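Chemist: Here it is, the structure in full.
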Amino acid sequence: MDNINIGFVIALKPKFNSKNWENDSKLLYQTLESICNQESEDFMAFVVYHDLPNILFNHKKIHYLKFPFSFCVFESLDKIKAEHRENPEGTTYFFDQGKKIMYGAEIAKFHNCKYIMSVDFDDLISNRILKYITEDDNRSGYFVEKGYIYYTEKKLLLRRKKRMNGINGSTNIIYHQNISNVDLFSNDVDSFSFFSAHYYTKFRLLEQGIVIKPLPFYAIVYRAHISNWFNIHTHMNGFSLKVIYKYFFQRHFITKAMRKEFRL
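When we follow our numbering, the leftmost residue of the sequence shown carries the number 44, and every step to the right adds one.
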């Protein structure tokens with residue numbers, strides 16, 4: 044089996060956790076379009092799902108994987124802490140997401156994917172990622188420092204010059220040997236947080252002496268929309284000074300080049 048440079052893993056939420064399944068299906072379709080917009084085809088993409096989306100993006104590089112585990116309810120989780128009890132819904136959401144990602148990562152490793160990137164089902168990624176990773180190939184990994192936030196209802200694009208990995212999950216690209224195997228039958232609440240606790244991924248690796256480096260370009264578009272788990276789109280409601288500052292000083296106009304790069 045030939046080596047593949049990047050395996051993209053997309054964890055899709057269950058239908059019952061969706062506020063608008065039709066919209067989420069469209070968002071996933073567009074995300075897969077952006078993934079398949081890479082400058083070469085040296086990649087595979089794995090969509091891990093409980094429920095198939097309403098519309099399927101069919102491409103020879105896209106593989107839909109039926110998740111072989113039931114959704115784990117809060118009462119079935121182990122090693123629950125006080126902070127988890129404060130937000131049981133969010134805890135089960137991220138447990139499910141993290142477990143799906145790690146399951147997809149195991150499948151990607153089986154298919155000899157050299158690097159593995161978790162991509163949120165509603166994000167768009169730069170078509171420069173695969174080429175850059177192929178040429179640089181640091182055998183450790185990378186994280187996304189810079190990206191964009193797109194407020195879909197306002198048609199407003201904002202630049203984020205740093206710490207994009209603090210607010211978005213599509214921000215880590217890790218060399219396959221640096222991703223530990225997990226016990227997929229575990230219900231330990233923190234068992235599957237390697238990718239889902241995205242900001243801490245680089246620090247966990249650093250504790251092992253593994254340094255991942257930032258991509259030197261704006262690499263993702265985080266779409267803030269009505270179905271977002273954290274409802275980041277509500278940040279644009281009203282006219283606070285913070286919002287006005289963002290609007291005038293961080294606004295970025297959508298160019299033809301950007302539309303081509305991200306399929307925006």
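Every residue gets a Cβ at the ideal spot worked out from N, C-alpha and C, and that includes glycine. Small disclaimer: the values here were computed from a predicted structure and weren't measured.
Have a look at D231 and H295 and give me their C-alpha separation to the nearest angstrom.
Modeler: Locating residue 231 in the sequence shown gives position 188, counting from the first residue. Locating residue 295 in the sequence shown gives position 252, counting from the first residue. Rounded to the nearest angstrom, the two C-alpha atoms are 42 Å apart.
Chemist: In chain order, which continuous runs of the beta strand (DSSP E) of length 3 or greater are located wholly inside the segment 123-187?
Modeler: Counting only runs of 3 or more, we get 156-161 and 184-186.
Chemist: Does L201 come out as helix, strand or coil in the three-state DSSP assignment?
Modeler: As a first step, residue 201 is located in the sequence shown; it is residue number 158 there, counting from the start. In the structure shown, L201 falls within a strand segment according to DSSP collapsed to helix, strand and coil.
Chemist: Could you give the first and the last residue of the continuous beta strand (DSSP E) run that contains K109?
Modeler: Position 66 of the sequence shown holds residue 109. Run containing K109: I105 to K109, per the beta strand (DSSP E) assignment.
Chemist: Shortest alpha-carbon distance to N211 belongs to which of L120, F235 and L167?
Modeler: On the sequence shown, residue 211 is found 168 positions in, with the first residue counted as 1. N211 has its Cα closest to that of L167, out of L120, F235 and L167.
Chemist: Tell me which residues share the same chain as R182 and place their Cβ nearer than 6 Å to its Cβ, disregarding the 5 neighbours each side in the sequence.
Modeler: Position 139 of the sequence shown holds residue 182. Hits under 6 Å: Y218.
Chemist: Can you give me the start and stop residues for the alpha helix (DSSP H) that I78 sits inside?
Modeler: Here residue 78 refers to the residue found at position 35 of the sequence shown. Note, I78: alpha helix (DSSP H), W64 to I78.
Chemist: Per the DSSP calculation, S247 is bridged to which residue(s)?
Modeler: The residue you call residue 247 lines up with position 204 of the sequence shown. In the sequence on display, residue 247 carries Arg and not Ser. Partner(s): none; R247 has no beta bridge.
Chemist: Taking just the CA atoms, how far does Y243 sit from N130?
Modeler: Within the sequence shown, numbered from 1, the residue matching residue 130 stands at position 87. Within the sequence shown, numbered from 1, the residue matching residue 243 stands at position 200. Answer to the nearest angstrom: the Cα atoms are 20 Å apart.
Chemist: In the structure shown, what three-state DSSP assignment does F86 receive?
Modeler: As a working mapping, residue 86 is identified with position 43 in the sequence shown. Looking at F86 - three-state DSSP - the assignment turns out to be strand.
Chemist: Quick one: Cα of K56 to Cα of V90, how far?
Modeler: Within the sequence shown, residue 56 is the residue found at index 13, counting from 1. Within the sequence shown, residue 90 is the residue found at index 47, counting from 1. Just so you know, the alpha carbons of K56 and V90 end up roughly 11 Å apart.
Chemist: Determine the DSSP secondary structure at Y191, reduced to helix, strand or coil.
Modeler: Your numbering for residue 191 matches position 148 in the sequence shown. In the displayed model, Y191 falls within a strand according to three-state DSSP.
Chemist: In whole angstroms, give me the CA-to-CA distance for H278 and K197.
Modeler: If you number the sequence shown from 1, residue 278 lands on position 235. If you number the sequence shown from 1, residue 197 lands on position 154. Confidence is the limiting factor: at H278 the pLDDT is only 45, short of 50, which leaves the residue's position unreliable, though a coordinate-based value still follows. If I take the Cα positions, the gap works out to 11 Å.
Chemist: Check for me: the alpha helix (DSSP H) holding A300 runs from which residue to which?
Modeler: Indexing the sequence shown from 1 puts residue 300 at position 257. Segment K299 to F305, the alpha helix (DSSP H) holding A300.
Chemist: Would you tell me roughly how many angstroms separate the C-alpha atoms of H276 and L201, rounded to the nearest one?
Modeler: Position 233 of the sequence shown, counting from 1, holds the residue named residue 276. Position 158 of the sequence shown, counting from 1, holds the residue named residue 201. Residue placement at H276 cannot be trusted, given a pLDDT of 47 that sits under 50; what the coordinates show is reported in the next sentence. Roughly 12 Å separates the two Cα atoms.
Chemist: Quick test of your reading: K174 and S234, contact by CB under 8 Å. State the CB separation rounded to the nearest angstrom.
Modeler: As a working mapping, residue 174 is identified with position 131 in the sequence shown. As a working mapping, residue 234 is identified with position 191 in the sequence shown. Going by Cβ atoms, the distance from K174 to S234 rounds to 34 Å, so no, they are not a contact pair.
Chemist: Nearest by alpha-carbon distance to H93: which of K103, I78, S68 and F117 is it?
Modeler: For this step, residue 93 is matched to residue 50 along the sequence shown. Ranking K103, I78, S68 and F117 by Cα distance to H93 puts S68 first.
Chemist: For K314, does the three-state DSSP call read helix, strand or coil?
Modeler: This structure leaves residue 314 out entirely; the chain is present only between 44 and 307.
Chemist: I need the DSSP call for E118, collapsed to helix, strand or coil.
Modeler: Along the sequence shown, read from residue 1 onward, the residue named residue 118 stands at position 75. In the structure shown, E118 sits in a helix (DSSP, three-state: H, G or I).
Chemist: Kindly confirm or deny that the segment 110-121 and the segment 176-192 touch, where touching means at least three C-beta pairs closer than 8 Å.
Modeler: Judged by Cβ distances under 8 Å, the segment 110-121 makes no contact with the segment 176-192, as fewer than three pairs qualify.
Chemist: Determine the DSSP secondary structure at G212, reduced to helix, strand or coil.
Modeler: For the purposes of this step, residue 212 is identified with residue 169 of the sequence shown, where counting begins at 1. Coil at G212, not helix or strand.
Chemist: Around the C-beta of T135, are 16 or more other C-beta atoms found within 10 angstroms, so that it is buried, or is it exposed?
Modeler: Position 92 of the sequence shown, counted from the start, is the residue given in the question as residue 135. It is buried - the Cβ of T135 has at least 16 other Cβ atoms within 10 Å.
Chemist: Distance check for E304 and N215, CA to CA, integer angstroms please.
Modeler: Residue mapping note: residue 215 aligns to position 172 of the sequence shown, counting from 1. Residue mapping note: residue 304 aligns to position 261 of the sequence shown, counting from 1. Answer to the nearest angstrom: the Cα atoms are 19 Å apart.
Chemist: What are the boundary residues of the beta strand (DSSP E) that F51 is part of?
Modeler: As a working note, residue 51 is residue 8 in the sequence shown. First-last of the beta strand (DSSP E) with F51: I47 to A54.
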